[in-house]
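In this note's numbering, the protein residues as written are 182 to 272. Cβ atoms here follow ideal geometry from the backbone N, Cα and C, with glycine treated the same way. Report on one structure; see the data block that follows.
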Amino acid sequence: MKKINWKILNLVLWGQVIISFFLPFKNIDNFEYQIGAPIPYLSIYAAELGIAPINSIYINPFSFILNGLIAYYLIILLIKLCKETKVKKEN
């Protein structure tokens, strides 16, 4: 088993946080909005005025890490494919 490339994993997880601002929200019962792809990991609940916004947010750490691992392995696969095609072109 190969070591984890922490630099790529770090970039994937930060990218996931940044991309969540641009992804479309999934509206559930006009009360809850879910964000995340392929698995929703961030839930925002419609709260009354006067309640702190941080109290209406729930982050599912398991889904967040699972999304990160899925994206990490996809990027590693793409890097391997790019290296293989580069070697084939040189030969």
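Using the Cα positions of I220 and S244, report the straight-line distance between them to the nearest angstrom. The alpha-carbon atoms of I220 and S244 are separated by roughly 6 Å.
Are I200 and I257 closer than 9 Å when you measure CB to CB? no
N248, buried or exposed, once every other Cβ within 10 Å from all chains shown has been counted against 16: buried
Beta-ladder partner(s) of I209, from DSSP: E213
So E213 and Y226 are supposed to be a Cβ contact under 8 Å. How far apart are they, rounded? 5 Å
One or two residues paired with I240 in a DSSP bridge: L223
Report yes if the C-beta of F243 is less than 8 Å from at least one heavy atom of the ligand ADP; otherwise report no. Questions concerning the ligand ADP fall outside what the structure shown contains, since it holds no ligand whatsoever.
Count the other CB atoms within 10 Å of the CB of V193; is the residue buried (16 or more) or exposed (fewer)? buried
Is it the case that the Cβ atoms of S224 and N236 are separated by a distance below 9 Å? no
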